[in-house]
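> Position one of the sequence shown corresponds to residue 1 (the working numbering), numbered consecutively onward. Cβ atoms here follow ideal geometry from the backbone N, Cα and C, with glycine treated the same way.
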Amino acid sequence: MNYKFNSVSDNKRQSGLAMYSGAIFTIACILGILAPSIVNFALESTLSWALLPISSIIYAWLLVVPIFWFPKRRILFLLCRFTVLTLPFLYVLGFILGITDAVVYMGFRSAIAGIVFLWLVFLLFTLLKKHKNIAASITALLVIPLSWYVNYTTDIYLNGRAVLDIWDLSSYAVLILIAVALLFFKRRKPAQK
Numbered sequence: 001m002n003y004k005f006n007s008v009s010d011n012k013r014q015s016g017l018a019m020y021s022g023a024i025f026t027i028a029c030i031l032g033i034l035a036p037s038i039v040n041f042a043l044e045s046t047l048s049w050a051l052l053p054i055s056s057i058i059y060a061w062l063l064v065v066p067i068f069w070f071p072k073r074r075i076l077f078l079l080c081r082f083t084v085l086t087l088p089f090l091y092v093l094g095f096i097l098g099i100t101d102a103v104v105y106m107g108f109r110s111a112i113a114g115i116v117f118l119w120l121v122f123l124l125f126t127l128l129k130k131h132k133n134i135a136a137s138i139t140a141l142l143v144i145p146l147s148w149y150v151n152y153t154t155d156i157y158l159n160g161r162a163v164l165d166i167w168d169l170s171s172y173a174v175l176i177l178i179a180v181a182l183l184f185f186k187r188r189k190p191a192q193k
C-alpha cells in the first residue's frame, strides 16, 4: 500500500515538474520572439530579419513543448511532429530568406531522407528491444546511404555532378567498423547479490 502511495506521489511530482518545465520553456520562447521583434520594428518599422528567429522559435516550441505535457510515448509523438512540421518550416525559411527554388528543393530532399532515416531507427529499436546492439549496428550502416544521398544531392546542386572522394570512403569505412564493433558489444548484467 505504501509502495503504491509513493508511486502515485512520484508520478504527480514528475507531472508537476514537466508542466513547470513546459511553462518555463514557453515563457523563454515568448521572450525570444519579443526581443528580436521589438528591435527589428524599432529599427525598420517592420518585421524583416526578425521573422527568421520567430519562425525558428515557433518550430522549436511545437516540437519540444508537447514532450513536457504528454510524456507517454514522447519519442513517437516527437517523430510525428518532426515529420509533419519540418517541410513547412523549411518552406517558410526559404520564403523569408528569398532562397531559390533549387536550394529549397535540395533541402526538402535531404530533409525527407533524414525523416525516413529517423523512422527506420525508431522502428529498429522498437522491434529489437532486447538486441539493442544489433539495432545500433544496423543504424550505423544506415548512416552510409543517408550520407551518400545527402552528399549526392548537394554535389549535384553545387558542382553539377556527384563527387565521391577519399573522405567519403574513409567515413564509410569507419561506420562499417563501428557497426561490426557494436555487434560484439553487450552490456554486462549487474551481478546479483
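For Val143 and Leu93, which I take to be in contact (beta-carbon distance under 8 Å), what is that distance rounded to the nearest angstrom?
No, Val143 and Leu93 are not in contact; Cβ-Cβ is about 25 Å, not under 8 Å.
> Leu177 by DSSP, collapsed to three states: which one?
Leu177: helix per DSSP, three-state reduction.
> Let me know the alpha helix (DSSP H) ranges lying completely inside the segment 83-127, each 4 residues or longer, listed in chain order.
Entirely contained in the segment 83-127, the alpha helix (DSSP H) runs reaching 4 residues are, in chain order, 101-127.
> For Ile54, is the classification buried or exposed, using 16 other Cβ atoms within 10 angstroms of its Cβ as the cut-off for buried?
That one is buried.
> Whose C-beta lies closer than 6 Å to the C-beta of Ile178 among residues of the same chain, with five residues either side of it excluded?
The answer, listed in chain order, is Ala140.
> So the alpha helix (DSSP H) Lys132 belongs to, where does it begin and stop?
From DSSP, the alpha helix (DSSP H) with Lys132 extends over Lys132 to Asn159.
> Write down the C-beta distance between Leu164 and Ala113 rounded to the nearest angstrom, noting that I regard them as a contact closer than 8 Å.
Their Cβ separation, rounded to whole angstroms, is 17 Å, which puts Leu164 and Ala113 out of contact at 8 Å.
> Assuming Leu51 is part of the alpha helix (DSSP H), what are its boundary residues?
Per DSSP, Leu51 belongs to the alpha helix (DSSP H) from Leu51 to Trp69.
> Just verifying my parser: in three-state terms, what is the DSSP assignment at Ser171?
Helix, per DSSP.
> Just to confirm my understanding: we take Val104, look at its own chain, exclude 5 residues before and 5 after, and list those with CB closer than 7 Å. What are they?
Only Leu90, Tyr91 and Gly94 meet the Cβ criterion.
> Are the beta-carbon atoms belonging to Arg109 and Thr153 less than 8 Å from one another?
Yes, the pair counts as a contact, with Cβ atoms nearer than the cut-off.
> Answer yes or no: do Cys29 and Ile57 have a C-beta to C-beta separation smaller than 8 Å?
In this structure, Ile57 lies closer than 8 Å to Cys29 by Cβ.
> Can you list, in chain order, the residues of its chain with a C-beta nearer than 8 Å to that of Ser37? Leave out the 5 residues immediately preceding and following it.
Excluding residues within five positions, the ones whose Cβ falls inside 8 Å are Leu47, Ala50 and Ile54.
> Could you check which residue in Leu87, Asp155 and Ser137 has the C-alpha nearest to that of Leu182?
Nearest option by C-alpha distance: Ser137.
> In its own chain, which residues sit with a C-beta less than 6 Å from the C-beta of Thr83, not counting the 5 before and 5 after it?
Ile115.
> Taking only the alpha-carbon atoms, compute the straight-line gap between Ala135 and Ile156 and give it to the nearest angstrom.
About 32 Å.
> In whole angstroms, give me the CA-to-CA distance for Ile27 and Leu52.
Those two C-alpha atoms are separated by around 19 Å.
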